[in-house]
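Protein chains in written order, with my numbering: chain A, 1 to 275; chain B, 1001 to 1267; chain C, 2001 to 2283.
What follows is a set of notes on a single structure, which appears directly below.
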């Protein structure tokens, strides 16, 4: 669905490239997390997926269309929706449903069809009750869900979250993640850029970036094997994974599959009862 | 505090509230025409009656109208006094040698003051019963013929929409910055005007910086959502004239017509 | 030396009419030297509460007394504002001056200190937050990185030499490295200069690892005020008011459900591993 082919990107006036020689393929229906410290290039990567940034070298193709082709850019942006970090800075109009309608309006869709799309989009993020609320009365988490509804109204095939949870409180973050997981279950391809490693344990695939390069790419269990490498890249593995490693060094035989509290308790308890 | 920004709009579902914003704009224009047609105080009774009718139908409390007049009270008083002094007339009520109080002056002062009160109150009726968003939509539609003269109607309406959306956010933000600077010992409450203006700098600069950042973020988000100007854009909410709109316009025209007849008869 | 909060009640007003109270009858004492973590669901009144600690919001009902200065006295507020430093959410948004030096000096200038003392304080504060004064003093705060801007803003508060440092989610939006730097800075301040830390945070792990005391607010009322161990072992009650517990506590709870009797007062990795070592010795 999305292919990065030897992509290098250099910001003007920057000393080193923000992305260097990235090769990455995201397949239909995947839920991929991209993690990395500030300045690792993960947000730059996200902005390449819908042609907000164009590669200095190499190509990005979305559903077979290269992002460098200007004629296709609206089609690409309709297929790839991006939710950004700051909930306050991406909603355009004062009233919730009008904001959700903004995307389809840009595509010139007939009013009746926009109405159905808006209603559907609001329902799938669980915000139907807020259709005629003023945006500034919503919490951060609710604003992000409206931002996602606004993207869904464009009927995209790929949802990109560019640190969309970074400014939310834990309950807002949990709601957002639940919404995204539900969308993924219904067939949406998701690319989630985040700093919170604990959010990635449920993904299909985790891509770790450092200094504009991909240093790890695999299932969460595979990636979290490399705790030392993660720490070197200024990332903090989930507390549970750190504990798992400490217990291992004390001699407990815990598997790589241990990523959450339940899994840890599951594997640890039988070991304890044998002592 | 944050709700200042919905303008003076008072939500409601009265007959007036439900009218198309274009109707209400047209009604206000006709009303203003009525007020200006009148050259004698007594005939202001007709636009006044119209205003009262509108007020009753809108179910808006008189208090809001009175509030909307508060900012112009000094102007009103000043104008009243100036006219009292400088209008010449024959019916002298009081002679203080350097200045004569005449009947004409009193009448003229009242006439001009009432006229201003009526104008402001009429304009507030529009903003009290129409949300800024509806007003923007109405203006965009009414001005759309100007597009052919390359007047940026869509861009103007989009700018208004975004401004309305961001005013509450910016008010919040300035409140936060103010609190932060006060915690660092900044003093916004004492000193002369010059000092106070200077003390605002630590609030204004961060506010500007943040506005630029917001503009940047928003532009990227809008672009991502396929925004490409007004060409080929549709709207979910279509403005529609209903029976009630036709009725309201007819009644308004009736008032204008009667006023003209009366003015001609009593010339 | 302490901050005494006595029957503090507060309601915002809208159009002259008071709304439902945001803070209800809070009474407790924050002792000097504490690392107090404040937790509560969004809307529980945390941010409103901390604005009472330096008189940004008036204490009309009840009293807040900082080291003997009663904040209901208007003339005490200025004194208290130099005793209680405030770091709000996303403090980098308050930066305004042309250079980092001038921005950090804003607080001390308002305190009418002499130029030598100001220079001294600014240099110290910048060193404390890890911004080398030689490299950063004359740079514009707007060309720093996100983490550096945050630290510059905190330096601006530290330069006022507060005895109490109040922080409203100081790590929000930072990457893991940035978070660690801020937490390390807070620990250093507390142990080296005896500064009392009062921190609102959503991260239960950070609170468990650093706080000496935890205040839980719920709908404006005091819900719990105790050590982290005694607060987090009440997972059920916390969950009911929409709060979670540290990851380690979660593991302990899961283990108890599977029949391993590990105390749920354990909320840090260190305590967890200690228990294991103890347990192995018994075995």
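Think of the CB as a built atom: it goes at the ideal place given N, C-alpha and C, for glycine as much as any other residue.
Predicted, not measured: the structure shown is a model, and the values here were computed from it.
Of the residues the options, the one placed nearest residue i, counting alpha carbons only
i, options, result
"residue 173/A", "2197/C, 2203/C, 2141/C", "2203/C"
"residue 2254/C", "247/A, 268/A, 254/A, 248/A", "268/A"
"residue 1119/B", "1206/B, 1048/B, 1219/B, 1016/B", "1048/B"
"residue 1088/B", "1104/B, 1094/B, 1074/B, 1076/B", "1104/B"
"residue 2031/C", "2277/C, 2260/C, 2224/C, 2213/C", "2213/C"
"residue 84/A", "1245/B, 1216/B, 1165/B", "1216/B"
"residue 2248/C", "2269/C, 2242/C, 2260/C", "2269/C"
"residue 1157/B", "1186/B, 1053/B, 1138/B, 1198/B", "1138/B"
"residue 1071/B", "1034/B, 1237/B, 1117/B", "1117/B"
"residue 1032/B", "1166/B, 1259/B, 1206/B", "1259/B"
"residue 2125/C", "2115/C, 2098/C, 2138/C, 2153/C", "2153/C"
"residue 1206/B", "1166/B, 1150/B, 1052/B, 1175/B", "1175/B"
"residue 1030/B", "1255/B, 1077/B, 1187/B, 1149/B", "1255/B"
"residue 2063/C", "2226/C, 2007/C, 2237/C", "2007/C"
"residue 955/B", "93/A, 147/A, 177/A, 126/A", "A question about residue 955/B goes unanswered here, because the residues of chain B that appear run from 1001 up to 1267."
Three-way DSSP call (helix, strand, coil) for residue i in this model
i, result
"residue 89/A", "helix"
"residue 2165/C", "strand"
"residue 2266/C", "coil"
"residue 2096/C", "coil"
"residue 1019/B", "coil"
"residue 2006/C", "strand"
"residue 2126/C", "helix"
"residue 1138/B", "helix"
"residue 1192/B", "coil"
"residue 69/A", "coil"
"residue 1102/B", "strand"
"residue 2060/C", "coil"
"residue 2213/C", "strand"
"residue 1219/B", "helix"
"residue 2069/C", "strand"
Residues that DSSP places opposite residue i in a beta bridge
i, result
"residue 134/A", "95/A"
"residue 205/A", "32/A"
"residue 214/A", "209/A"
"residue 3/A", "25/A, 61/A"
"residue 191/A", "32/A, 160/A"
"residue 50/A", "BP columns for residue 50/A are empty, so no partner."
"residue 2218/C", "2221/C"
"residue 9/A", "19/A"
"residue 2035/C", "2197/C"
"residue 2014/C", "2017/C"
Inter-residue Cα distance where the pair is residue i and residue j
i, j, result
"residue 1168/B", "residue 96/A", "15 Å"
"residue 1230/B", "residue 98/A", "16 Å"
"residue 2187/C", "residue 2117/C", "25 Å"
"residue 2009/C", "residue 2049/C", "10 Å"
"residue 2278/C", "residue 2272/C", "10 Å"
"residue 208/A", "residue 239/A", "18 Å"
"residue 1004/B", "residue 1160/B", "Here the model assigns residue 1004/B a pLDDT of 43, short of 50, so the residue's position is not dependable, and the following value carries that caveat. When rounded, the distance between both Cα atoms is 16 Å."
"residue 1203/B", "residue 111/A", "43 Å"
"residue 2026/C", "residue 15/A", "54 Å"
"residue 2185/C", "residue 1025/B", "60 Å"
"residue 29/A", "residue 245/A", "32 Å"
"residue 2066/C", "residue 2012/C", "23 Å"
"residue 219/A", "residue 205/A", "4 Å"
"residue 199/A", "residue 2143/C", "31 Å"
"residue 1239/B", "residue 1141/B", "8 Å"
Listed by chain order, chain D residues near residue i by CB distance under 8 Å
i, result
"residue 1233/B", "Structure shown: chain D not included; protein chains present are A, B and C."
Beta carbon of residue i nearer than 8 Å to that of residue j
i, j, result
"residue 1023/B", "residue 1162/B", "no"
"residue 1134/B", "residue 1021/B", "yes"
"residue 142/A", "residue 130/A", "yes"
"residue 2260/C", "residue 272/A", "yes"
"residue 2004/C", "residue 2087/C", "no"
"residue 2217/C", "residue 2038/C", "yes"
"residue 1178/B", "residue 102/A", "no"
"residue 1108/B", "residue 1067/B", "no"
"residue 2137/C", "residue 2100/C", "yes"
"residue 159/A", "residue 193/A", "no"
"residue 2092/C", "residue 2179/C", "no"
"residue 223/A", "residue 31/A", "no"
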